[in-house]
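According to my numbering, the sequence shown is numbered sequentially starting from 13. All remarks here apply to the structure that follows.
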Amino acid sequence: MSNIRIGTFNFILIASLATGCVKQVTPLGSGRLIVNSNPSDTIFRSESGAVTRDTSLGFRLTNLTPIHTDGFLLPLASSDGMRLAWQQESNFNWPLLTALPEASLASRGVIAVRESDAVEPSHTWKGSYMLGRSCNSEGVLVESPQADGSRWVGVLPWKGGDPQWLLQDAAVNAFASMGPRGELAWSHRKVGQREFSVTVNRPEGKFEWPRKAAESWLLPIVATDGIFAARLRDGVLELAYLPLRAGQSMTTDESRPAMIFRSISLRGSERLAYQCIGSLTPDRAVLADGSLLFFHPDLGRIVMWQPRTDTLTPLPTGTLSATATHPGELLISFRDQLAKLSLPVDSVRGPVTILQEPWIAKAPSGNGGDAGQILLFLPAATNCRVAVLNLN
13 MSNIRIGTFN
23 FILIASLATG
33 CVKQVTPLGS
43 GRLIVNSNPS
53 DTIFRSESGA
63 VTRDTSLGFR
73 LTNLTPIHTD
83 GFLLPLASSD
93 GMRLAWQQES
103 NFNWPLLTAL
113 PEASLASRGV
123 IAVRESDAVE
133 PSHTWKGSYM
143 LGRSCNSEGV
153 LVESPQADGS
163 RWVGVLPWKG
173 GDPQWLLQDA
183 AVNAFASMGP
193 RGELAWSHRK
203 VGQREFSVTV
213 NRPEGKFEWP
223 RKAAESWLLP
233 IVATDGIFAA
243 RLRDGVLELA
253 YLPLRAGQSM
263 TTDESRPAMI
273 FRSISLRGSE
283 RLAYQCIGSL
293 TPDRAVLADG
303 SLLFFHPDLG
313 RIVMWQPRTD
323 TLTPLPTGTL
333 SATATHPGEL
343 LISFRDQLAK
353 LSLPVDSVRG
363 PVTILQEPWI
373 AKAPSGNGGD
383 AGQILLFLPA
393 ATNCRVAVLN
403 LN
């Protein structure tokens with residue numbers, strides 16, 4: 013899962029081209045010929061009654077120049093996969109990452125950017141810079157903890173230059189993310205306070221998320237048909253969804269009864285909320301049907317939550333990350349492999365292993381669009397391998 017230190021391993025800094033074909037036969041149980049959807053995917057029953065799935069998958073893997081990282085934050089990829097941003101150095105820990113009152117006031121961080129296929133960073137920024145959750149065509153979101161305890165949010169331009177500060181006040185502004193129409197959503201609190209509120213800047217105007225006493229709202233995500241956020245209340249972690257569409261307006265009082273909630277854990281904390289939702293970048297966390305991908309701590313896997321029907325669909329046990337390559341397919345990461353999973357999830361059509369290493373995929377954003385590059389990241393303690401995956 014993202015934002016967790018991973019054990020060190022060595023590798024050679026090379027750029028190479030590899031092609032492969034995966035053929036996987038999976039025992040499935042009883043049944044006869046069930047599926048023959050395409051020439052490379054057949055499910056059948058033998059004379060003995062054993063059901064198998066025979067799958068062939070071609071792919072091409074292009075290794076790019078690895079990047080030097082702080083080992084704590086995963087890189088960000090632009091929506092078209094053409095640019096990278098990463099935390100090159102930092103002294104960050106969990107209190108800093110989750111913007112808690114006990115966080116150090118002496119943070120330092122270096123952020124670098126480059127074209128995905130370049131060898132060296134094109135620009136770096138040194139100071140109190142923490143890699144944010146989103147990026148767009150202009151640049152990458154960053155947070156900047158200040159010596160007085162406040163926290164600013166800005167954009168570092170892909171082309172270099174000074175930060176463009178979006179939130180530069182006396183509040184602790186954190187967990188900012190961008191929406192599909194240029195919305196900006198973020199959590200904020202007063203210095204010394206623990207509970208966060210959420211605000212969303214929309215083309216229709218500023219929307220203040222409702223908050224009651226002792227509630228803390230974290231990690232907002234703006235999707236096409238609504239807004240997601242995490243709520244901490246009395247140690248309980250919940251997800252919330254507000255169906256607020258483009259062109260629609262709603263007051264704070266009107267929004268509260270319109271929300272849909274789903275309890276996730278009775279042992280909630282800011283760190284657990286970040287591990288559940290922060291493991292996926294906001295522009296890739298919501299699927300074309302409006303389902304939210306998140307890591308479920310009690311189930312130990314990535315889960316799809318469809319708020320309109322309030323249904324949870326678990327992915328295979330042990331999945332740590334997922335990204336849509338198109339509306340009918342996910343690339344899913346385990347601790348020891350990267351696999352392809354067809355949607356909808358069922359008991360017959362399981363995942364097909366592509367690579368026997370825990371690569372994390374970042375497919376083009378936009379609810380699983382087909383255009384652009386599928387970038388893969390394989391993080392270690394101080395470095396991160398980068399590759400481009402083309403599936404046939």
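Glycine is no exception: its CB is placed at the ideal position from the N, C-alpha and C atoms.
Delimiting residues of the beta strand (DSSP E) encompassing residue 192: For residue 192, there is no enclosing beta strand (DSSP E), as DSSP marks it with neither H nor E.
Thinking just about the alpha-carbon of each residue, which of 149, 308, 155, 95 is nearest to the one in residue 180? Per the Cα distances, 155.
I need the DSSP call for residue 349, collapsed to helix, strand or coil. In the three-state reduction of the DSSP assignment, residue 349 falls in the coil class, being assigned neither a helical nor a strand state.
Spatial neighbours of residue 7 in its chain, beta-carbon cut-off 7 angstroms, leaving aside the 5 residues before and after: The structure shown does not extend to residue 7, since the chain is modelled only from 13 through 404, so no value can be given for it.
Cα-Cα, which of 261, 289, 269 is closest to residue 249? Residue 249 has its Cα closest to that of 289, out of 261, 289, 269.
In this structure, does DSSP put residue 50 in helix, strand or coil? In this predicted model, residue 50 has a pLDDT of only 44, less than 50, meaning its place in the structure is not dependable; the value taken from the coordinates is given anyway. In this structure, residue 50 counts as strand in the three-state DSSP scheme.
Going by DSSP, what residue range makes up the alpha helix (DSSP H) through residue 137? Where residue 137 is concerned, there is no enclosing alpha helix (DSSP H), although the beta strand (DSSP E) it sits in stretches over 135 to 139.
From this set, 299, 324, 78, which residue's C-alpha is nearest residue 335's C-alpha? Cα-wise, what sits closest to residue 335 is 299.
On the criterion of 16 or more Cβ atoms from any shown chain inside 10 Å, does residue 265 qualify as buried, or is it exposed? Exposed is the call here.
Compare the beta carbon distance of residue 98 and residue 124 with 8 angstroms and say whether it is the shorter of the two. For the 8 angstroms CB-CB criterion, residue 98 and residue 124 form a contact.
Spatial distance of residue 176 from residue 167 (CA atoms): Straight through space, the alpha carbons of residue 167 and residue 176 are spaced by roughly 5 angstroms.
Contacting residues, own chain, Cβ-Cβ under 7 angstroms from residue 237 (five flanking each side not counted): Here the set comprises 255, 257, 302.
Straight-line Cα distance separating residue 159 from residue 267: Cα to Cα, residue 267 sits roughly 36 angstroms from residue 159.
Local Cβ density within 10 Å of residue 261, reported as buried at 16 or more and exposed below that: Under this definition residue 261 is an exposed residue.
Classify residue 293: buried if its beta carbon has 16 or more other beta carbons within 10 angstroms, exposed otherwise. So residue 293 counts as buried.
Residues in the same chain with beta-carbon distance under 8 angstroms from residue 226, minus the five sequence neighbours each way, listed in chain order, please. Within the same chain, 207, 245, 246 come within 8 angstroms of residue 226 by CB-CB distance, once the 5 residues on both sides are set aside.
What does the Cβ neighbour count give for residue 113, buried or exposed, with the cut at 16 atoms within 10 Å? The residue is exposed, with fewer than 16 neighbouring Cβ atoms inside 10 Å.
Length-filtered (3 minimum) beta strand (DSSP E) runs lying within the segment 308 to 363: Runs of the beta strand (DSSP E) inside the segment 308 to 363: 313 to 318, 323 to 326, 333 to 338, 341 to 345, 350 to 354.
Please determine, among 219, 217, 241, the residue with the shortest C-alpha to C-alpha distance to residue 431. Only positions 13 to 404 of the chain appear in this structure, which leaves residue 431 out of reach.
Starting from residue 211, trace the alpha helix (DSSP H) both ways and give me its first and last residue. Taken as a continuous stretch (DSSP letters only), residue 211 belongs to no alpha helix (DSSP H), being part of the beta strand (DSSP E) at 209 to 214.
Among 373, 331, 346, which has the Cα closest to the Cα of residue 401? Answer by Cα proximity: 373.
Taking the alpha carbon of residue 312 as the reference point, which residue from 330, 305, 319 has its own alpha carbon closest? Taking each of 330, 305, 319 in turn and checking the Cα distance to residue 312, the smallest one comes out for 330.
Enumerated in chain order, which unbroken segments of the alpha helix (DSSP H) with a length of 4 residues or greater are wholly contained in the segment 73 to 145? The segment 73 to 145 is shown to contain whole alpha helix (DSSP H) runs of 4 or more residues at 106 to 109, in chain order.
Apart from the five residues on each side of it in sequence, which residues of its chain come closer than 7 angstroms, Cβ to Cβ, to residue 131? Closer than 7 angstroms at the Cβ level, and outside the excluded window around residue 131, lie 77.
Span separating the alpha-carbon of residue 192 from that of residue 403: Each residue's alpha carbon lies about 26 angstroms from the other.
So the candidates are 186, 376, 389; which of them puts its Cα closest to the Cα of residue 94? Nearest C-alpha to residue 94: 376.
Hey, how far is the Cα of residue 37 from the Cα of residue 368? Its pLDDT being 47, under 50, residue 37 is placed unreliably by the model, and the measurement read from it follows with that caveat. Distance between the alpha carbons of residue 37 and residue 368: 16 angstroms.
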